[in-house]
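Have a look at the structure below before the remarks.
Residue numbers (the numbering used here), protein chains in the order written: chain A, 1133 to 1249; chain B, 900 to 1013.
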């Protein structure tokens, strides 16, 4: 079975400060990992994904994440927060089981990011 | 990536009634899924919509309550049957392709049952 734990349901930062959203996973097979963002009253937008290539993954809007197998982590970072980054962020895990599980995601509980002026 | 159109975007329904949500993808996808996002919570997978056959439901979800159809590779529906206030949630459909790729999501249907 696979699971995802996001540490911190709410994170608050000042504009221009570092953003760090934590995600730890549990998976019995090599995982694929994703970060999605959800703006109010909208669907989910993919920020970035890890699919067993480079461990440091760069995504949209200046976000990046590093896959650390030894720590079973996939934390999301952005060097400098912007007001427009305020949203809810979800970490998700999937795995390749003969091609039948692509897109079948297990989500973390989500982290609401607040950015203060 | 593909674009998923989902409708209705929101609805307010009376308890005991049913609502059918439609999901249209602008290109063929291998897999389609339906998720539920209860208020203040994360997304939970309801089922995998299989083309031309019965959907595969996750634990805790049953076909009588959430019948799903997928007549072709670009379209699927989810019906929420005999609704109660506990069914008030956001329902999202997603699709993914034939190679290792991300799942992309519709905008969701915000359902309120009164």
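Ideal placement from N, C-alpha and C gives every residue a C-beta, glycine not left out. Just so it is clear, the structure is predicted and the values come from calculations on it, not from any experiment.
Who pairs with residue i in a beta bridge, going by DSSP?
i	result
residue 964 of chain B	Partner(s): none; residue 964 of chain B has no beta bridge.
residue 976 of chain B	B:921 and B:968
residue 935 of chain B	B:943 and B:990
residue 905 of chain B	B:922
residue 1161 of chain A	Answer is none; residue 1161 of chain A lacks a bridge partner.
residue 911 of chain B	B:1011
residue 1168 of chain A	A:1178 and A:1222
residue 1200 of chain A	A:1205
residue 1238 of chain A	A:1225
residue 1246 of chain A	A:1144
Short of 7 Å in beta carbon distance, which residues of its chain neighbour residue i, apart from the five on each side in sequence? Order them along the chain.
i	result
residue 937 of chain B	988
residue 949 of chain B	955 and 969
residue 904 of chain B	923 and 1005
residue 1140 of chain A	1154 and 1243
residue 1198 of chain A	1187, 1188 and 1207
residue 986 of chain B	979, 1010 and 1012
Using a beta-carbon distance below 7 Å, is residue i in contact with chain A?
i	result
residue 1006 of chain B	yes
residue 1002 of chain B	yes
residue 1010 of chain B	no
residue 941 of chain B	yes
With a cut-off of 7 Å, does the C-beta of residue i fall near any C-beta of chain B?
i	result
residue 1200 of chain A	no
residue 1241 of chain A	yes
residue 1191 of chain A	no
residue 1210 of chain A	no
residue 1131 of chain A	This structure does not reach residue 1131 of chain A, given that chain A is present from 1133 up to 1249, and the question cannot be answered.
residue 1237 of chain A	yes
residue 1188 of chain A	no
residue 1178 of chain A	yes
Can you name, in chain order, every residue of its own chain whose Cβ lies under 8 Å from the Cβ of residue i, other than the five neighbours on each side?
i	result
residue 963 of chain B	980
residue 1203 of chain A	1156
residue 1248 of chain A	1144, 1145, 1146 and 1147
Assuming residue i and residue j form a contact by the criterion Cβ under 8 Å, report the distance between their Cβ atoms to the nearest whole angstrom.
i	j	result
residue 1222 of chain A	residue 1240 of chain A	6 Å
residue 1150 of chain A	residue 1209 of chain A	7 Å
residue 1168 of chain A	residue 1177 of chain A	6 Å
residue 947 of chain B	residue 965 of chain B	Residue 947 of chain B to residue 965 of chain B, Cβ: 12 Å. No contact.
residue 944 of chain B	residue 957 of chain B	5 Å
residue 974 of chain B	residue 901 of chain B	Between residue 901 of chain B and residue 974 of chain B the Cβ distance is about 13 Å, and since that is not below 8 Å, they are no contact.
residue 1246 of chain A	residue 1218 of chain A	6 Å
residue 1159 of chain A	residue 1227 of chain A	6 Å
residue 916 of chain B	residue 982 of chain B	6 Å
residue 972 of chain B	residue 927 of chain B	4 Å
residue 941 of chain B	residue 1008 of chain B	Not confirmed; about 17 Å, so no contact.
Near residue i, what residues of its chain come up, given a Cβ to Cβ distance below 6 Å and the 5 sequence neighbours on each side ignored?
i	result
residue 1190 of chain A	1196
residue 906 of chain B	921
Problem - Interfacial residues, the stretch 1165-1176 of chain A to chain B, with Cβ spacing under 9 Å - result: 1166, 1168, 1170, 1173, 1174, 1175 and 1176
Practice task
Determine which residues of the stretch 969-995 of chain B have a Cβ less than 8 Å from any Cβ of chain A, and write them out in chain order.
Solution key: 991, 993, 994 and 995
Problem - Interface residues of the stretch 1141-1159 of chain A facing chain B [CB-CB below 7 Å] - result: none
Practice task
Would you list, in chain order, the members of the stretch 922-936 of chain B that have their beta-carbon closer than 9 Å to a beta-carbon of chain A?
Solution key: 928, 929, 930, 931, 932, 934 and 936
Problem - Near-chain A residues of the stretch 905-921 of chain B (beta-carbon distance less than 7 Å), N- to C-terminal order - result: none
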